[in-house]
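> Mind looking over this structure? Questions follow.
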Amino acid sequence: MALQIDDLPVAIREAKRELRERLPNYREVFTEVEEALSQQAEAIATLRDRGEPVIPEIAFKDIVENRVSDAQIALVKTRGACVIRNVFERSLAEQWDNDIADYVEGNHLDARLLNRAEDNYFGQLASSKPQIYGVYWSKPQVLARQSNELIQVRVFLNRLWRAESEGRVHFDPDRVPVYADRLRRRPPGSESLGLSAHCDGGSVERWIEPNFRKVYRHVFSGNWRDYDPFDAAWRTEVEEIASPAVCSMFRTFQGWTALTQQGPGDGTLQLVPIANSMAYILLRALQDDIADDDLCGAMPGRALSIKADYHAPLFRALTSIPPMQPGDTVFWHSDVIHAVEDAHRGKGYSNVMYIASAPGCAKNDAWLKRQLSAFLDGKSPPDFPADHFEVDFIGRATADDLTASGRAQMGFDR
1040 MALQIDDLPV AIREAKRELR ERLPNYREVF TEVEEALSQQ AEAIATLRDR
1090 GEPVIPEIAF KDIVENRVSD AQIALVKTRG ACVIRNVFER SLAEQWDNDI
1140 ADYVEGNHLD ARLLNRAEDN YFGQLASSKP QIYGVYWSKP QVLARQSNEL
1190 IQVRVFLNRL WRAESEGRVH FDPDRVPVYA DRLRRRPPGS ESLGLSAHCD
1240 GGSVERWIEP NFRKVYRHVF SGNWRDYDPF DAAWRTEVEE IASPAVCSMF
1290 RTFQGWTALT QQGPGDGTLQ LVPIANSMAY ILLRALQDDI ADDDLCGAMP
1340 GRALSIKADY HAPLFRALTS IPPMQPGDTV FWHSDVIHAV EDAHRGKGYS
1390 NVMYIASAPG CAKNDAWLKR QLSAFLDGKS PPDFPADHFE VDFIGRATAD
1440 DLTASGRAQM GFDR
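Residue numbers (our numbering): 1040 to 1453.
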């Protein structure tokens, strides 16, 4: 279900009043959180500035052979992100990139983009929008999503979460439904087309909606050190405000697959690799310097913007991901702060397919029913602007292109 708020300023004031009453020492607790997370951010900045790795890296073959160490897993859960190398053969990723270029150019997508539906989701982010194409059903995207390689990766990522807690089973980590997402095709020389720091998957809802409050129950009770970003309790039951490009599925990790070589300076992804940074964000909005009807600028139906005015200590840890090769993937926890570099100063295209990790649960099964009809008709999925570019695209993937695994992931068996 979608959350509806009739009078947002009143709802925010009421939510802040309730949360402060339940946590009368909210100032002191925030001081603790700020000190602890500032230390984490400084430690990351020190590593980054020395040229040392910040984002954990895992070899895909180690996932296949069950050789990922406990130390690696612990670091992924601390950083809330990881790069997984060589998920696909380089030649295959490069062929997919060529096929996508033929698909969008052969169907004259650039001309259609001039008449696209307005995507307001990123409207409040200072750097505007990156070059993201409203394409979901090209054959390379469909083939990658249903591939055995990404099935293994997503199961591995889902299993990093606590799928059972509070006496309940929240999801099936071994089932990996598809959340169809878009493409990024960013040419060299593009300037000021990145994204400012933000979080997806809920903005004002995190303070207002009852199940979101339960997700962050330890933070709002002052026991913030007990908050586990990988505890799935109540995450499959939250309700988001409906809006184009607001994800209404539960994703354990957001992610993308590299189709071209790219790295720092190429208009690439940036992360604040601190998995528990949401504790800072949530409590910051309760402090006395923020107006009673304001949540540090959070807006309904938009990405949750992270701003230097309010969240300066976290920005010390903002780090570009390491160089990526075609076939590499990167994943980040659904609460991790991320951004996109403004300028692409590299020599070639910086292209990716957005493919996230999501587990099997009732919330996601309900989403699959809505997405399936969009796939069959070639329409844009319900979470996204209703451009429906691909309805008459030549070469669009159809049900005939799905394997048995692909059909299951799309919800044909449900």
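The beta-carbon is built from N, C-alpha and C at its ideal position, and this holds for glycine as well.
How would you label Thr1358, buried or exposed, when you count the other beta carbons within 10 angstroms and need 16 or more for buried?
Buried: at least 16 other Cβ atoms inside 10 Å.
> Where does Tyr1175 sit, in a helix, a strand or coil, going by DSSP?
Coil at Tyr1175, not helix or strand.
> Considering only the beta carbon of each residue, do Leu1148 and Val1174 sit closer than 8 Å?
Yes; because the gap between Cβ atoms is below 8 Å, this pair is in contact.
> Does the segment 1371 to 1379 touch the segment 1308 to 1325, meaning 3 or more C-beta pairs lie closer than 8 Å?
In short, these stretches touch, since the Cβ pair count reaches three.
> Using a 10 Å radius around the Cβ and a threshold of 16 neighbouring Cβ atoms, would you call Asp1026 buried or exposed?
The question about residue 1026 has no answer, for the chain in this structure spans 1040 to 1453.
> Could you spell out where the beta strand (DSSP E) holding Tyr1393 opens and where it closes?
Here the beta strand (DSSP E) through Tyr1393 covers 1389 to 1393.
> Quick one: does Arg1059 have its CB under 8 Å from some CB of chain D?
Judged by its chain identifiers, the structure shown contains no chain D, having just a single protein chain.
> Going by other Cβ atoms of all chains shown within 10 Å of its Cβ, with 16 needed for buried, is Lys1408 buried or exposed?
Counting Cβ neighbours within 10 Å, Lys1408 comes out exposed, since fewer than 16 surround it.
> Ser1235 and Pro1339 look like a contact to me (Cβ under 8 Å); what is the Cβ gap, rounded to whole Å?
About 18 Å; that fails the 8 Å criterion.
> Leu1058 by DSSP, collapsed to three states: which one?
Three-state result, Leu1058: helix.
> Can you check the segment 1231 to 1256 for any beta strand (DSSP E) of at least 3 residues that lies completely inside it and give the ranges in chain order?
The segment 1231 to 1256 contains these whole beta strand (DSSP E) runs: 1234 to 1238.
> If I measure Cβ to Cβ from Ala1074 and keep anything under 7 Å in the same chain, skipping five residues before and after, which residues do I get?
Note on identity: in this sequence residue 1074 is Glu, with Ala being the wrong assignment. Same-chain partners within the cutoff: there are none.
> I'd like the list of long-range same chain contacts for Arg1207, defined as Cβ closer than 8 Å, with 5 residues on each side in sequence excluded.
Within the same chain, Arg1207 has close Cβ partners Ala1272.
> Taking C-beta to C-beta, are Gln1185 and Gln1410 nearer than 8 Å?
Contact flag unset, no.
> Any chance the segment 1317 to 1337 sits against the segment 1045 to 1062, with 3 or more Cβ pairs inside 8 Å?
The answer is yes - the segment 1045 to 1062 touches the segment 1317 to 1337, with three or more Cβ pairs under 8 Å.
> Between which two residues does the beta strand (DSSP E) holding Leu1308 run?
Counting along the chain, the beta strand (DSSP E) containing Leu1308 begins and ends at 1308 to 1311.
> From the DSSP output, which residues share a beta bridge with Ser1359?
Bridge partners of Ser1359: Gln1309.
> For the alpha helix (DSSP H) holding Gly1145, just list the boundary residues, first then last.
1129 to 1145 is the extent of the alpha helix (DSSP H) around Gly1145.
> Provide the residue(s) that pair with Ala1120 in DSSP beta bridges, ordered along the chain.
Answer by DSSP bridge pairing, in chain order: Trp1371.
> Run through DSSP, which three-state label would Trp1273 get?
Trp1273 falls in the coil class under three-state DSSP.
> Just to confirm before moving on: does the CB-CB distance between Ser1389 and Arg1225 stay below 8 Å?
Yes, the Cβ-Cβ distance between Ser1389 and Arg1225 is below 8 Å.
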